[in-house]
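Protein chains in written order, with the numbering used here: chain A, 1 to 397; chain B, 398 to 794. Heads up, the beta-carbon is just placed ideally off N, CA and C, and yes, glycines get one too. Remember, it's a predicted structure, so these values are computed and weren't measured experimentally. I have placed the structure first, in the form of structure tokens, so that the comments after it can refer back to it.
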């Protein structure tokens, strides 16, 4: 494929061809799941107006570390947004909020279910007064079912869903996935639900309510575990870094650090053994097929490990690359940031904030022809930074 | 909020009000990332036509375990799809494929970059002959950059991105997230890119190419790690189950099994200590604030662990629930499947396949008013099962 023909030329904000340009999102979100969803929509061109409480704003503004007085955590999911401070228990601010909604396509929140209704904005009322509005809520357990009103954090969703039960080493203390995938996966499903609802509205003219739960989203991310259990009675296990149905496909320790490799078929297994100078391992009957390698995975692990730990990782990476065996260093975040591939994809871009020099955020991984990739992101808003401008623009009084 | 007002009544396929109804997706995907993306689109109402090689079809049809002769793994991401067998190196089948494209909105694939172009279908040619077609490709590293043509599997993306470096216990062997989030996150971003491109096409009339990389998608899922490193110089660590900025927020071992709990503020910490009969722990100066609890997290862990391991998990779950402290069992997948909440949300639904009795798959976590939730999914297609019907419907000759 003539890949050069598909260029993702870098451009500063505003971007041309953004697929969600023209879409206005009112964001009541705090901390992670909803702000991540709206950050994702912003990176595709939506206008996101963050409505925050006048006292402290989004809770995550208080999360350390702070640089130049501003939270690094908050910055990571609130670039490219505007902020207006409104107290939804105060009449004048309620009027302003309602006026904002008349100009909005989407309202996003991640309060505990029932909170927005108690503030006087149940879905029925929102829908009656703003029939085109899409109301998107993300919560721990969703708006229905016996646990609907229970609080949840990422670790609760990871624990209840079974995700923690299939992550880590058998017999060792449990492991939480290091990123808060309980929130992030739910936020990404919410974003997909929102754009799908916008598409439907083009035909029907009508908005809808979207209800995404962190628990449900983790359940949807268990790969084949649910089907395997219900169809074949297996209960999936913790396997460290090992793949449940391919061997070898795991991490190995070299003289200095760890690598991963994946020999997905017999040919690659032979190449692997030759590349590490152990062709006799590939000739053993007990390692002849993927099925037999899986059945003897501990013995296989011992054979390969004994060799790999004699030389540093880069030695083996070079040898395996020459042999065409997929492999990689287990990198730190700072090593990843320095990768030429990550730079070429423009995946880490600076925030244009002199008060947080050098601070960068991930770019959208959705590269699209006709949509110029951003090369910076607008810094996260200070609390109520755009309040006056928004009041003028929308006549909020 | 009057939650009862928002009902997600169960219905069998076909569903009414599906947001992507009317959208036709041609799916050349194999194994996971692309099939997961199209499975997600199918659960929102898109019609997905799987084009498979006549010899063996999708590689994952061979993945064990098999029930009734059919792969459980394949079933987990290929429900609600049709299958037609076409050999894209054979002239008659190429003509059929091209005819299919004239009726399609989206073409999805996860070949190594360049493969489809070598088969005679570079993006430029697809776009020239089918200007409204959206061409969505997902690969390990994307179509650009020095690693574009390298192979990648889930474990490679998890290792290179830094995701593995922040998951697991410091000093212990590495851990791969038990589900293949390298593929799944990329697939979900691909689905979001596709629906966003469909939305843009409504205005412009023009299709586009979408290019999503597994590595990029993992980078976008590192939460605040990139911003923290670039702004504050921190390199995020492996923390087992601990939260980087809240304590206590982690797993604890009880007499029989593990639980997680999350005391996100001073009030909840006091409630926690009282609920486990250790109010004196909350009175200690070194545990007075979240910052001091974080600084003394090992000592705090020791104090709480000493008590929790004296009684079984259900004892503590009950006590903590009464006190309003968010907590949960670390459940297996089979325990999750039996949860009343999961049933109430209709999150696990059966495949209507007598040859795979009892087999179930996750439902979509996107609940939407006016869109009836499915209560079954159509079983995955046998290879070329819909070939004849599709040839008649689209005049494929």
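Test: residue i CB closer than 8 Å to a CB of chain A
| i | result |
| --- | --- |
| residue 699/B | no |
| residue 542/B | yes |
| residue 751/B | no |
| residue 690/B | no |
| residue 666/B | no |
| residue 626/B | yes |
| residue 663/B | no |
| residue 445/B | no |
| residue 620/B | yes |
| residue 573/B | yes |
| residue 491/B | no |
| residue 742/B | yes |
Short Cβ contact (8 Å threshold) for residue i with residue j
| i | j | result |
| --- | --- | --- |
| residue 30/A | residue 59/A | yes |
| residue 727/B | residue 159/A | yes |
| residue 503/B | residue 422/B | yes |
| residue 524/B | residue 484/B | no |
| residue 616/B | residue 336/A | yes |
| residue 572/B | residue 169/A | yes |
| residue 666/B | residue 658/B | no |
| residue 476/B | residue 758/B | yes |
| residue 19/A | residue 596/B | yes |
| residue 537/B | residue 612/B | yes |
| residue 211/A | residue 142/A | yes |
| residue 431/B | residue 505/B | yes |
| residue 307/A | residue 264/A | no |
| residue 318/A | residue 272/A | no |
| residue 753/B | residue 472/B | yes |
Separation of residue j from residue i, as counted between CA atoms
| i | j | result |
| --- | --- | --- |
| residue 349/A | residue 739/B | 39 Å |
| residue 222/A | residue 470/B | 12 Å |
| residue 146/A | residue 736/B | 10 Å |
| residue 321/A | residue 614/B | 23 Å |
| residue 153/A | residue 37/A | 16 Å |
| residue 303/A | residue 281/A | 8 Å |
| residue 763/B | residue 310/A | 50 Å |
| residue 22/A | residue 579/B | 32 Å |
| residue 234/A | residue 465/B | 16 Å |
| residue 768/B | residue 39/A | 26 Å |
| residue 394/A | residue 781/B | 56 Å |
| residue 541/B | residue 480/B | 31 Å |
| residue 570/B | residue 599/B | 50 Å |
| residue 230/A | residue 463/B | 12 Å |
CB contact check: residue i to chain B, cutoff 8 Å
| i | result |
| --- | --- |
| residue 337/A | yes |
| residue 35/A | no |
| residue 263/A | no |
| residue 2/A | In this predicted model, residue 2/A has a pLDDT of only 32, less than 50, meaning its place in the structure is not dependable; the value taken from the coordinates is given anyway. Interface residue, yes. |
| residue 276/A | no |
| residue 199/A | yes |
| residue 340/A | yes |
| residue 258/A | yes |
| residue 315/A | no |
For residue i, the three-state DSSP class (helix, strand or coil)
| i | result |
| --- | --- |
| residue 206/A | coil |
| residue 245/A | coil |
| residue 362/A | strand |
| residue 717/B | helix |
| residue 747/B | strand |
| residue 330/A | coil |
| residue 480/B | strand |
| residue 355/A | coil |
| residue 238/A | coil |
| residue 287/A | helix |
| residue 667/B | helix |
| residue 383/A | coil |
| residue 315/A | helix |
| residue 620/B | coil |
| residue 154/A | helix |
| residue 375/A | coil |
Near-chain A residues of the segment 602-618 of chain B (beta-carbon distance less than 8 Å), N- to C-terminal order: 603, 605, 606, 607, 608, 609, 610, 612, 613, 614, 616, 617 and 618
Short of 8 Å Cβ to Cβ, which residues in the segment 361-389 of chain A face chain B? 361, 362, 363, 364, 365, 366, 367, 368, 369, 370 and 371
Using a Cβ-Cβ cut-off of less than 7 Å, list which residues of the segment 476-510 of chain B approach chain D; keep chain order. Absent from the structure: chain D. Protein chains present are A and B.
Mind listing which residues of the segment 450-469 of chain B have their C-beta closer than 7 Å to chain A's C-betas, in chain order? 460, 461, 462, 464 and 469
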